[in-house]
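1 is the number of the first residue of the sequence shown in the working numbering; add one for each residue after it.
All residues carry an ideal CB built from backbone N, CA and C; glycine is no exception.
Scroll down for the structure; my scribbles are underneath it.
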Amino acid sequence: MLNGKHLIAGEWLDSDSTFSSQPAHGPAHNFTAGTAKLVQRACEAAEDSFWSYGYSSRETRAAFLNRIADEIEAFGDQITEIGCQETGLPEARLIGERGRTVGQLRLFAEHVLKGDYLDRRHDSALPDRQPLPRPELYMVQRPIGPVAIFGASNFPLAFSTAGGDTAAALAAGCPVVVKGHSAHPGTGELVAQAIEKAVKAMDLHPGVFNLIQGGKRDVGAALVQHPLVRAVGFTGSLGGGRALFDLCASREEPIPFFGELGSVNPMFLLPHSLSSRAEAMGEGWSSSLTMGAGQFCTNPGIAVVQSGADAERFVAAATKALEQVGAQTMLTDGIAAAYRDGRDRIRANSSVQEILTTTCDLRNATPYLFRVTAREWLANDVLAEEVFGPLGLVVEAEDAAEMTAVAKGLKGQLTCTVHMNEDDTAQAQALMPILERKAGRVLVNGFPTGVEVSDTMVHGGPYPASTNFGATSVGTLSIRRFLRPVCFQNMPEALLPQDLK
Ligand code: NAP
Numbered sequence: 001m002l003n004g005k006h007l008i009a010g011e012w013l014d015s016d017s018t019f020s021s022q023p024a025h026g027p028a029h030n031f032t033a034g035t036a037k038l039v040q041r042a043c044e045a046a047e048d049s050f051w052s053y054g055y056s057s058r059e060t061r062a063a064f065l066n067r068i069a070d071e072i073e074a075f076g077d078q079i080t081e082i083g084c085q086e087t088g089l090p091e092a093r094l095i096g097e098r099g100r101t102v103g104q105l106r107l108f109a110e111h112v113l114k115g116d117y118l119d120r121r122h123d124s125a126l127p128d129r130q131p132l133p134r135p136e137l138y139m140v141q142r143p144i145g146p147v148a149i150f151g152a153s154n155f156p157l158a159f160s161t162a163g164g165d166t167a168a169a170l171a172a173g174c175p176v177v178v179k180g181h182s183a184h185p186g187t188g189e190l191v192a193q194a195i196e197k198a199v200k201a202m203d204l205h206p207g208v209f210n211l212i213q214g215g216k217r218d219v220g221a222a223l224v225q226h227p228l229v230r231a232v233g234f235t236g237s238l239g240g241g242r243a244l245f246d247l248c249a250s251r252e253e254p255i256p257f258f259g260e261l262g263s264v265n266p267m268f269l270l271p272h273s274l275s276s277r278a279e280a281m282g283e284g285w286s287s288s289l290t291m292g293a294g295q296f297c298t299n300p301g302i303a304v305v306q307s308g309a310d311a312e313r314f315v316a317a318a319t320k321a322l323e324q325v326g327a328q329t330m331l332t333d334g335i336a337a338a339y340r341d342g343r344d345r346i347r348a349n350s351s352v353q354e355i356l357t358t359t360c361d362l363r364n365a366t367p368y369l370f371r372v373t374a375r376e377w378l379a380n381d382v383l384a385e386e387v388f389g390p391l392g393l394v395v396e397a398e399d400a401a402e403m404t405a406v407a408k409g410l411k412g413q414l415t416c417t418v419h420m421n422e423d424d425t426a427q428a429q430a431l432m433p434i435l436e437r438k439a440g441r442v443l444v445n446g447f448p449t450g451v452e453v454s455d456t457m458v459h460g461g462p463y464p465a466s467t468n469f470g471a472t473s474v475g476t477l478s479i480r481r482f483l484r485p486v487c488f489q490n491m492p493e494a495l496l497p498q499d500l501k
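Structure (structure tokens):
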């Protein structure tokens, strides 16, 4: 049952104004809108809880994370139902995403128990060292305090209320204030109810988790500027992320803003691989491009080929496959409108040729396919920007040198992909030093949609893929964002943190 309120320090609170959800189907619900006053209460509650939660044992936090996973599973079908209604995503996707979400929570429970993430270091005392003795030194990673979290519309569970950022922050020992996403407020509330049950079951300070529903942009702005917030985890658009990043940087005390933003995820199709499997690549690209109406941050929006007969085979196969894909519901009216704007931006460029024309309107997306020469692509920055949806652009290089120039011309990416055969190895070797400077993940002979949640995963990259290229938002390494190294010098054992004893 939805109550339409904000969860702050264990109480469900409301405010004077409301907003309505805009589901793709099913009934709309009213939610009370967030306010700066609620932000203040939530941040104070989170700070209060830090004095116990930040010093809790790793066993306690692991049990808490596992309990949240259990409670989310117990809500199972209710979350799936409202998630499908609010986002228009199919049931199988919501069920799969719930599995990933509880899997992330349990992975972090295991991770904190192992303790490797603490990166504990020790320099023994050298009292007889000349010319000066060395004191005994310890180093350990400590939680930073309250963290603000913004999820994205396209992952209502895995990158939202109890998503990867929340799991990583709670695992580290940081209380959380989630700014609920206005595209899925009901899904967010049910997940918050599940977390509330876990907080009570574990008898934790209730300020450890807080949810403020959105409704207005000033809620997010107030949250990232609140003096008690120590860092922000954000998943969403480049425009929104940049606006909030700038607010963080202009605070009297600037704080890190970990923004995971958009990407065009280029694929480089090397000549021998194209010659041997142009049709399969065209069909594979079509599936990856249109999966989930193309609403994935890892959607491969650009395919770079060397012009010639094999490139034509690839384009023909992709066009044929994309023609079969009908209209798909997008996450929100705003995202559907932004998709059409993106299409028009590409179309407006006279050097671009439209290969597949469809008609999309309202909240629907149909695929589009365009082609452009590498020279024109390099001359037009707008062609390198993300269009969030099932839109593909084929970039045709005259030769290997021009393909390399395209690689060098890329902005920061979440992923770069190389399709190759053994005979392409020399060309791939020449591309690798460039691509590893451009992306958080480089892959061969695959499609980038589908991110493994594991110890080695890096989901980030140079700007504009993310605002902090030293971090990842997926996988166990993401806990680092919410930790701070502290050195303890000449410390009696009684004063050392528990994790160093
Ligand atoms: P979004 O519109 O940027 O929204 C994300 C969150 O930020 C929402 O809570 C939104 O509030 C808030 N927000 C946006 N602009 C704001 C501003 N100027 N001031 C204050 N708050 C602001 O992004 P989205 O539509 O949810 O997600 C789609 C985008 O996310 C795509 O570009 C996609 O590529 C990217 N994405 C990236 C990753 C990744 O890991 N890199 C993963 C998934 C998605 P409201 O609720 O009020 O809208």
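Collapsed DSSP secondary structure at Lys200 in the structure displayed = In this structure, DSSP gives Lys200 a helical state, which the three-state scheme calls helix.
Minimum length 4: unbroken alpha helix (DSSP H) runs contained in the region 51-132 | Correct list: 58-87 and 91-114.
Compute the beta-carbon to beta-carbon distance between Thr467 and Phe258, rounded to the nearest angstrom, for a pair I have assumed lies under 8 Å.
-> About 7 Å separates the beta carbons of Thr467 and Phe258, which is inside the 8 Å limit, making them a contact pair.
Gly460 and Leu414: beta carbons closer than 9 Å?
-> For the 9 Å CB-CB criterion, Gly460 and Leu414 form a contact.
Could you name the residues of the same chain whose beta carbon sits closer than 6 Å to that of Gly145, not counting the 5 residues immediately before and after it, in chain order?
-> Beyond the five residues adjoining it in sequence on each side, Gly145 comes within less than 6 Å, by CB distance, of Phe50 and Arg230 in the same chain, given in chain order.
Taking all protein chains shown into account, do 16 or more other C-beta atoms lie within 10 angstroms of the C-beta of Val382, making it buried, or fewer, making it exposed?
-> Taking every protein chain shown into account, the CB of Val382 has fewer than 16 other CB atoms within 10 angstroms, so this residue is exposed.
With a floor of 3 residues, list each beta strand (DSSP E) that falls wholly inside the region 273-308, ordered by position along the chain.
-> Qualifying beta strand (DSSP E) stretches, in chain order: 302-306.
According to DSSP, is Tyr368 helix, strand or coil?
-> The answer is strand: DSSP assigns Tyr368 an E or B state.
Which term fits Leu496, buried or exposed, when burial requires 16 or more other beta carbons within 10 angstroms of its beta carbon?
-> Looking at its Cβ environment, which holds fewer than 16 other Cβ atoms inside 10 Å, Leu496 is exposed.
At what residues does the beta strand (DSSP E) containing Tyr138 begin and finish?
-> Start and end: Leu137 to Pro143.
Let me know the secondary structure DSSP gives Ala167 once reduced to three states.
-> Here Ala167 sits in helix by DSSP.
According to DSSP, what are the bridge partners of Lys411?
-> Residue pairing for Lys411: DSSP places it in no beta bridge.
Among Glu493, Gln306, Phe488 and Ser454, which one has its Cα closest to the Cα of Arg142?
-> Nearest C-alpha to Arg142: Phe488.
Can you check whether the CB of Thr417 is closer than 9 Å to the CB of Val444?
-> Contact: yes.
For Arg363, which of helix, strand or coil comes out of DSSP?
-> Note: Arg363 maps to coil in three-state DSSP.
Does the distance from the CB of Leu107 to the CB of Ile68 come in under 9 Å?
-> Against a cut-off of 9 Å, the Cβ pair of Ile68 and Leu107 comes out as no contact.
Which partner residues of Gly233 appear in the DSSP bridge assignment?
-> Paired residues: Ile149 and Phe258.
DSSP-derived helix/strand/coil call for Leu157 | Leu157: coil per DSSP, three-state reduction.
Is it buried or exposed for Tyr55, if we count other Cβ within 10 angstroms and need 16 for buried?
-> The C-beta of Tyr55 has fewer than 16 other C-beta atoms within 10 Å across all chains shown, which makes the residue exposed.
Identify every run of the beta strand (DSSP E) within the region 7-34, keeping only runs that are complete inside it and at least 3 residues long; order them along the chain.
-> As far as the region 7-34 is concerned, its whole beta strand (DSSP E) runs of at least 3 residues are 11-13, 18-20 and 30-32.
Any idea what DSSP makes of Ala494, helix, strand or coil?
-> In the three-state scheme derived from DSSP, where H, G and I count as helix and E and B as strand, Ala494 is classed as helix.
State buried or exposed for Gln324, treating a residue as buried only when at least 16 other CB atoms are found within 10 Å of its CB.
-> Using a 10 angstroms sphere on the CB of Gln324, the tally of other CB atoms stays under 16, which defines it as exposed.
May I ask you to list the residues that DSSP assigns as paired with Ser485?
-> Contrary to the premise, residue 485 reads as Pro rather than Ser in this sequence. According to DSSP, which records beta bridges pairwise, Pro485 is partnered with Gln141.
What number of angstroms, rounded off, separates the C-alpha of Ala92 from the C-alpha of Val191?
-> If you take the alpha carbons of Ala92 and Val191, they lie about 18 Å apart.
Lys179 (DSSP reduced to helix, strand or coil) = Note: Lys179 maps to strand in three-state DSSP.
Glu436 lies in the alpha helix (DSSP H); which residues open and close that run?
-> Per DSSP, Glu436 is one residue of the alpha helix (DSSP H) stretching across Thr425 to Lys438.
Name the residue from Trp377, Gly446 and Cys248 whose alpha carbon lies nearest to the alpha carbon of Asn421.
-> When each option's Cα is compared against that of Asn421, the closest is Gly446.
Within 8 Å: the Cβ of Phe469 and any heavy atom of the ligand SAM?
-> Inclusion of the ligand SAM in the displayed structure is not the case, the ligand content consisting of the ligand NAP alone.
Nearest-angstrom Cα separation, counted from Gly241 out to Lys179 = Going by the C-alpha atoms only, they are around 13 Å apart.
In the DSSP assignment, what are the bridge partners of Arg217?
-> Answer is none; Arg217 lacks a bridge partner.
Using a threshold of 8 Å, is the CB atom of Gly412 nearer than that to any non-hydrogen atom of the ligand NAP?
-> Gly412 Cβ: outside cutoff for every heavy atom of the ligand NAP.
Say yes only if the C-beta of Ala162 is nearer than 8 Å to one or more non-hydrogen atoms of the ligand NAP, and no if none qualify.
-> Ala162 has its Cβ no nearer than 8 Å to any heavy atom of the ligand NAP.
How is the alpha helix (DSSP H) around Gly342 delimited, first residue to last?
-> Boundaries of the alpha helix (DSSP H) harbouring Gly342: Asp333 to Arg347, taken from the DSSP string.
Contact between the region 120-133 and the region 69-84: three or more CB pairs below 8 Å?
-> By the Cβ test, the region 120-133 is not in contact with the region 69-84, since fewer than three Cβ pairs between them sit closer than 8 Å.
Buried or exposed: which applies to Gly25, given that a residue is buried once 16 or more other Cβ atoms fall within 10 Å of its Cβ?
-> Reading off the sequence shown, one finds His at residue 25, where the question assumed Gly. The residue in question, His25, is exposed, as its Cβ has fewer than 16 Cβ neighbours within 10 Å.
Is Gln213 closer than 9 Å to Gly4 when the C-beta atoms are compared?
-> Going by C-beta atoms, Gly4 is nearer than 9 Å to Gln213.
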